[in-house]
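What follows is one structure encoded as structure tokens, with my remarks underneath.
Protein chains in written order, with the numbering used here: chain A, 0 to 94; chain B, 76 to 567.
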């Protein structure tokens, strides 16, 4: 599978990564190379092999329905560029 | 394939159209803590006070699933007669929005915890329709953005971020706004019976996305538009009516419907396109590497199944067969668990129909009028039952019973006590009744003379006698004696 420049532009936009026009061609080449490298795995016969979900045999950890966290308003908003009255403040995003 | 019903069709300029509706309902799991964190789900807290570092997506924080939420999803699935998938997978649904700090929502895409089920909806005229359930999956709620606090900024509160939701997806099996509303009502009833969601639409615990399309009768499905987050049953009806009409107008003008997300504006009563730029959604779902597959054992599912309460459909069927209630009364009584339980307590050892009349009649009316619920009602099931006993054993008439009931409702006194203290016992002494009748006839000689030819006048006389006895005379006895004294044959 190879990636063209339009696909690179679309993926960059979806990931909110700024990519300049000049970067498109080299990135398309690099991404195509990475995909081709991974595609070698398609040469293996995986019939009857369960998809691996974990490197170690273990099951999903769970918690009980108990409140163990909260009242961290100051800590949670501390890294925000802007906050007011306990809210995060962001540029207007009304659709 | 359902035959379209004439009354559901919408008449356009060029002929009739059929509406096709499917719903995605987001039901908040009634849990104390969130789906993957230990923060509280309590409604109405100060902004960002119920946000753990997991919910705020701080680097390195890992989700750990709240098992209670898993059980509630399974319980709901069982209540919807749905298939429970013993293995399901959590995926990341990727998109950017300020109220989604992770940059993705943890959801279930390819392998949901619950598969196909069904809801039977009840419609006027004893009509019922089976609506297919496609799936139910667990996912995180997003935070809340406020846009009206400031001219150039939006305010974000993450208290809701990470709260467990059950997304319940129906098949496109509904054909009118009325059916869609009945579907939401029935789903809400089932959720409340199960106790898995409080169903509070005002607080956003239950929200619906409505998929609307129109087509010519017998044609393929039309292109659908999705109306997001409609938060009341009334608005669901309005949004559907407006949107169907809009689509028909576009199509009849030779236009095409583009698949899009729309928003219902309750103030304007219309739907509006939510995204000006048509940017195709590409959520790039993939299994969340932070979470292993969700695996249940059949024993766990069986244990939950064994704990299910009697559900509304079964309860309704039992009320009809065991108590001889009309389907209408049965439907009204089972709409919630509390009134159904209340009714059963009243009906126990008594005439079930008389009990149903009192519960759905005077009792429900008084609750609604005074703003009480079953839980806060000043009249207990036991007291209402005692009142019915007083009618049945002839202590009071049905008419006096209504007065006694109002007094019970006002001050919570015992019905027997009210009857004693206020001297409301029914007069069964024939000579006393006869004396009252004679007095009324003597006072109205003209009418008494006419009564032979106009038997309808007897009703007026009964009323007068009841008035002079303050309603305490047994109306049947009064009627019999009156007919005889006025010389009217009882057949008249």
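All C-beta atoms, glycine included, are put in the ideal place defined by N, C-alpha and C.
In this text the structure is predicted, and so the values were computed from the model without any measurement.
Between which two residues does the beta strand (DSSP E) harbouring residue i extend?
{"i": "residue 377 of chain B", "result": "Run containing residue 377 of chain B: none in the beta strand (DSSP E); it sits in the alpha helix (DSSP H), 373 to 381."}
{"i": "residue 179 of chain B", "result": "179 to 182"}
{"i": "residue 482 of chain B", "result": "Not the beta strand (DSSP E): residue 482 of chain B falls in the alpha helix (DSSP H), residues 473 to 486."}
{"i": "residue 290 of chain B", "result": "281 to 290"}
{"i": "residue 305 of chain B", "result": "300 to 305"}
{"i": "residue 7 of chain A", "result": "Per DSSP, residue 7 of chain A belongs to no beta strand (DSSP E); it is in the alpha helix (DSSP H), 4 to 13."}
In this structure, does DSSP put residue i in helix, strand or coil?
{"i": "residue 68 of chain A", "result": "strand"}
{"i": "residue 321 of chain B", "result": "helix"}
{"i": "residue 192 of chain B", "result": "strand"}
{"i": "residue 115 of chain A", "result": "Outside the modelled stretch of chain A, which goes from 0 to 94, sits residue 115 of chain A, for which no answer is possible."}
{"i": "residue 162 of chain B", "result": "strand"}
{"i": "residue 352 of chain B", "result": "In this predicted model, residue 352 of chain B has a pLDDT of only 45, less than 50, meaning its place in the structure is not dependable; the value taken from the coordinates is given anyway. In the structure shown, residue 352 of chain B sits in coil (DSSP, three-state: anything other than H, G, I, E or B)."}
{"i": "residue 339 of chain B", "result": "strand"}
{"i": "residue 171 of chain B", "result": "coil"}
{"i": "residue 450 of chain B", "result": "coil"}
{"i": "residue 332 of chain B", "result": "coil"}
{"i": "residue 566 of chain B", "result": "For residue 566 of chain B, the pLDDT reaches just 49, beneath the cut-off of 50, and the residue's location in the model is therefore unreliable, although a value from the coordinates is still provided. Looking at residue 566 of chain B - three-state DSSP - the assignment turns out to be coil, as it is neither helix nor strand."}
{"i": "residue 559 of chain B", "result": "helix"}
{"i": "residue 219 of chain B", "result": "strand"}
{"i": "residue 243 of chain B", "result": "strand"}
{"i": "residue 103 of chain B", "result": "strand"}
{"i": "residue 228 of chain B", "result": "strand"}
{"i": "residue 25 of chain A", "result": "helix"}
{"i": "residue 119 of chain B", "result": "coil"}
{"i": "residue 198 of chain B", "result": "strand"}
{"i": "residue 540 of chain B", "result": "helix"}
Which whole-angstrom value is the C-beta distance of residue i and residue j, which I expect to be below 8 angstroms?
{"i": "residue 300 of chain B", "j": "residue 105 of chain B", "result": "Actually they are not in contact, since the Cβ atoms of residue 300 of chain B and residue 105 of chain B sit about 31 angstroms apart, beyond 8 angstroms."}
{"i": "residue 546 of chain B", "j": "residue 475 of chain B", "result": "5 angstroms"}
{"i": "residue 264 of chain B", "j": "residue 411 of chain B", "result": "7 angstroms"}
{"i": "residue 549 of chain B", "j": "residue 501 of chain B", "result": "5 angstroms"}
{"i": "residue 191 of chain B", "j": "residue 212 of chain B", "result": "Residue 191 of chain B to residue 212 of chain B, Cβ: 13 angstroms. No contact."}
{"i": "residue 163 of chain B", "j": "residue 188 of chain B", "result": "4 angstroms"}
{"i": "residue 349 of chain B", "j": "residue 337 of chain B", "result": "6 angstroms"}
{"i": "residue 26 of chain A", "j": "residue 7 of chain A", "result": "5 angstroms"}
{"i": "residue 452 of chain B", "j": "residue 462 of chain B", "result": "At roughly 13 angstroms, the Cβ-Cβ gap does not stay under 8 angstroms, so residue 452 of chain B and residue 462 of chain B are not in contact."}
{"i": "residue 560 of chain B", "j": "residue 493 of chain B", "result": "Going by Cβ atoms, the distance from residue 560 of chain B to residue 493 of chain B rounds to 33 angstroms, so no, they are not a contact pair."}
{"i": "residue 126 of chain B", "j": "residue 58 of chain A", "result": "No, residue 126 of chain B and residue 58 of chain A are not in contact; Cβ-Cβ is about 28 angstroms, not under 8 angstroms."}
{"i": "residue 236 of chain B", "j": "residue 173 of chain B", "result": "The Cβ separation is near 11 angstroms, so there is no contact."}
{"i": "residue 376 of chain B", "j": "residue 159 of chain B", "result": "5 angstroms"}
Determine the chain B residues that contact residue i at a beta-carbon separation under 9 angstroms, and present them in chain order.
{"i": "residue 90 of chain A", "result": "173, 227, 228 and 229"}
{"i": "residue 6 of chain A", "result": "Under the 9 angstroms cutoff, chain B gives no residues; its nearest Cβ is about 11 angstroms from residue 6 of chain A."}
{"i": "residue 18 of chain A", "result": "Those do not exist, as residue 18 of chain A stays about 16 angstroms from chain B at its closest Cβ, beyond 9 angstroms."}
{"i": "residue 2 of chain A", "result": "The contacting residues do not exist; residue 2 of chain A stays about 15 angstroms from chain B at best."}
Chain A partners of residue i, CB-CB under 8 angstroms?
{"i": "residue 124 of chain B", "result": "69, 70, 71, 72 and 85"}
{"i": "residue 368 of chain B", "result": "52 and 59"}
{"i": "residue 301 of chain B", "result": "Simply none; closest approach about 14 angstroms."}
{"i": "residue 121 of chain B", "result": "72 and 85"}
{"i": "residue 282 of chain B", "result": "The premise fails here: residue 282 of chain B is roughly 17 angstroms from chain A at the closest Cβ pair, so nothing lies under 8 angstroms."}
{"i": "residue 279 of chain B", "result": "Neighbours of residue 279 of chain B on chain A: none; closest Cβ ~18 angstroms, over 8 angstroms."}
{"i": "residue 141 of chain B", "result": "61, 62, 63 and 64"}
Which residues in the same chain as residue i place their Cβ atom closer than 8 angstroms to its Cβ, once the five residues preceding and following it in sequence are excluded?
{"i": "residue 373 of chain B", "result": "161"}
{"i": "residue 198 of chain B", "result": "204, 253, 254 and 257"}
{"i": "residue 296 of chain B", "result": "95, 247, 288 and 290"}
{"i": "residue 261 of chain B", "result": "194, 195, 196, 197 and 387"}
{"i": "residue 351 of chain B", "result": "Low confidence applies to residue 351 of chain B: its pLDDT is 46, below 50, so where it sits in the model is not reliable, and the reading given next is rough at best. Hits under 8 angstroms: none found."}
By Cβ distance below 7 angstroms, which residues in the same chain neighbour residue i in space, the five residues on each side in sequence not counted?
{"i": "residue 509 of chain B", "result": "556"}
{"i": "residue 319 of chain B", "result": "85, 94, 287 and 289"}
{"i": "residue 437 of chain B", "result": "477 and 480"}
{"i": "residue 121 of chain B", "result": "none"}
{"i": "residue 409 of chain B", "result": "387, 390, 391, 394 and 415"}
{"i": "residue 566 of chain B", "result": "In this prediction, residue 566 of chain B has a pLDDT of 49, which is less than 50 and means its spatial position is unreliable; what the coordinates show is noted afterwards. Contacts found: none."}
{"i": "residue 486 of chain B", "result": "none"}
{"i": "residue 347 of chain B", "result": "337, 338 and 340"}
Taking residue i as the query, report the chain A residues whose CB atoms sit under 9 angstroms from its CB, ordered along the chain.
{"i": "residue 108 of chain B", "result": "62, 63, 64, 65, 66, 67 and 68"}
{"i": "residue 232 of chain B", "result": "85, 86 and 87"}
{"i": "residue 114 of chain B", "result": "66, 67, 68, 69 and 71"}
List, in order along the chain, the chain B residues whose C-beta lies closer than 7 angstroms to that of residue i?
{"i": "residue 23 of chain A", "result": "What residue 23 of chain A touches in chain B: nothing, since even the nearest Cβ is about 18 angstroms away."}
{"i": "residue 15 of chain A", "result": "171"}
{"i": "residue 45 of chain A", "result": "Residues of chain B passing the Cβ test: none, with the nearest at roughly 17 angstroms."}
{"i": "residue 37 of chain A", "result": "Within chain B, no residue comes near residue 37 of chain A; the closest Cβ sits about 15 angstroms away, beyond 7 angstroms."}
Apart from the five residues just before and just after residue i, which ones in its own chain have a Cβ nearer than 6 angstroms to its Cβ?
{"i": "residue 308 of chain B", "result": "256 and 259"}
{"i": "residue 353 of chain B", "result": "In this prediction, residue 353 of chain B has a pLDDT of 46, which is less than 50 and means its spatial position is unreliable; nothing more can be read from the coordinates."}
{"i": "residue 251 of chain B", "result": "83"}
Starting from residue i, trace the alpha helix (DSSP H) both ways and give me its first and last residue.
{"i": "residue 512 of chain B", "result": "505 to 518"}
{"i": "residue 82 of chain B", "result": "First-last for residue 82 of chain B: undefined, no H or E at that position."}
{"i": "residue 89 of chain A", "result": "That residue, residue 89 of chain A, is in no alpha helix (DSSP H); its beta strand (DSSP E) goes 86 to 90."}
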